[in-house]
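Protein chains in written order, with the working numbering: chain W, 1 to 112; chain Y, 1001 to 1113.
C-beta atoms are modelled at their ideal positions from N, C-alpha and C, and glycine is treated no differently.
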């Protein structure tokens, strides 16, 4: 199993540009989520999904969109990038939300 | 709102020492608590998961305990090695938080040869 994979590993954007961060898992997990990690703020939940076709907002959802068309994939879209979205983004998955959660390697995003 | 605190923020020990990392949380209504390791520039690696009904879990040189009523967990590392150097994060999965993990800010551990 590859586990949780994320692409790209690094990305630099200009303010106002849009992009999609990809996340995939091959463990047939129903629950997937996106976090951002910032110095002094820890990891904070952006959006999560309890299964295909079902998504919900986390703690810091503004500026981000998600969709879940398949069990395997959970992309995160930045609609109009802002410098405040400079961060490291992690995708996570688990069989169900209350089970052990597994994290991907992260995407380092810089918005200029 | 669940809050998770980890003390100390940083710890430096000589190789071979046994050490304890602390994690406290404010709301005892939890499903489980998970300890992670994060190496610089890398993702989070799950170390141990303790369900709310459990008192402790062990994996190799690692032992994690949970006292749900007092809102505390400890991660014990036996016979520390330089390869244990990393940031250790604890995360609480709360019953009222929709399966979201609430993280502490971590303890940065350095094990000196």
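With 8 Å as the threshold, decide whether the Cβ of residue 89 of chain W is near any Cβ in chain Y. In the first chain, residue 89 of chain W corresponds to position 89, counting from 1. The beta carbon of residue 89 of chain W sits no closer than 8 Å to any beta carbon of chain Y.
Quick one: any contact between the stretch 1075-1092 of chain Y and the stretch 2-20 of chain W, if contact means 3 or more CB pairs under 8 Å? By the C-beta criterion, the stretch 1075-1092 of chain Y is judged not to be in contact with the stretch 2-20 of chain W, since fewer than 3 inter-stretch pairs fall below 8 Å.
Taking Cβ positions only, does residue 1042 of chain Y come closer than 8 Å to chain W? As a position in the second chain, residue 1042 of chain Y is number 42, starting the count at 1. Closer than 8 Å: yes.
In angstroms with no decimal places, state the Cα-to-Cα distance between residue 1013 of chain Y and residue 1110 of chain Y. Within the second chain, the letter at position 13 stands for residue 1013 of chain Y. Within the second chain, the letter at position 110 stands for residue 1110 of chain Y. When rounded, the distance between both Cα atoms is 6 Å.
Give me the subset of the stretch 1088-1099 of chain Y whose CB atoms are less than 8 Å from a CB atom of chain W, sorted by chain position. Residues 1089, 1091, 1093, 1098, 1099.
Cβ neighbour criterion (16 or more within 10 Å) applied to residue 112 of chain W: Reading the first chain from its first residue, position 112 is the one you call residue 112 of chain W. That one is exposed.
Looking only at C-alpha atoms, which of Y/1057, Y/1081, Y/1083 sits nearest to residue 1033 of chain Y? By one-based count along the second chain, residue 1033 of chain Y stands at place 33. Per the Cα distances, Y/1057.
When you compare the CB positions of residue 69 of chain W and residue 92 of chain W, do they come within less than 8 Å of one another, or not? Here residue 69 of chain W refers to the residue found at position 69 of the first chain. Here residue 92 of chain W refers to the residue found at position 92 of the first chain. Not closer than 8 Å, so no.
With a threshold of 8 Å between beta-carbons, can residue 75 of chain W be considered close to chain Y, or not? Translated into the one-based positions of the first chain, residue 75 of chain W becomes position 75. No, residue 75 of chain W lies away from the interface with chain Y (no Cβ there is under 8 Å from its Cβ).
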